[in-house]
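Novice: For the sequence shown, numbering that gives the first Met the number 0 gives the first residue as 0, with consecutive numbering after it.
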Amino acid sequence: MPNEPIHVTDSAFEKTVLQSSIPVIVDFWAPWCNPCKMVAPILDKLAKEYDGKILIAKINTDENPEWMMKYGIQGIPTMLFVANGKIVHRQVGALPERMLRDVVTQFMEVVSQS
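(1) Near Asp43, what residues of its chain come up, given a Cβ to Cβ distance below 7 angstroms and the 5 sequence neighbours on each side ignored?
(2) So, using beta-carbon positions, are Lys52 and Ile21 closer together than 8 angstroms?
(3) How about the segment 29-38 and the segment 66-85: do they share at least three Cβ pairs that are nearer than 8 angstroms?
(4) Can you have a look at Ile86 and say buried or exposed, based on whether 16 or more other CB atoms are within 10 angstroms of its CB?
(5) Drop a sphere of 10 angstroms on the beta-carbon of Met57, count the other beta-carbons inside from all chains shown, and report buried for 16 or more, exposed for fewer.
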């Protein structure tokens, strides 16, 4: 597993995210989105800290709109917290680092109980 976010395309989404053996945080973002730029370094840190426990996948919605439309995502950044191919949590909008860490901790607790 990489200890940094991986970039996912529409064609690789199902295999990379939905069939992942570990939980995945999917960050739907775009290069022009300033709140997305605020979240990116936090996700970089989390990818290193949770290496092997969580996969952080980034999907550029400008280049890969298919899954954004399938999940009805209307605003970015939106993060989907996925375990065993199912969405456990949806986070719309940027969060400060401490709050995002709390969400990730709760996600891991839910996943470990299932």
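Backbone N, C-alpha and C fix where the C-beta goes; we use that ideal spot for every residue, glycine too.
Specialist: Per the coordinate set shown:
(1) Counting only Cβ-Cβ distances below 7 angstroms, and skipping sequence neighbours, we find Glu3, Pro4.
(2) One thing to note: Lys52 has its Cβ within 8 angstroms of the Cβ of Ile21.
(3) The segment 29-38 makes contact with the segment 66-85; the number of CB pairs closer than 8 angstroms reaches 3 or more.
(4) Ile86 should be labelled exposed.
(5) Note on identity: in this sequence residue 57 is Lys, with Met being the wrong assignment. By the neighbour-count rule (16 or more Cβ atoms within 10 Å), Lys57 is buried.
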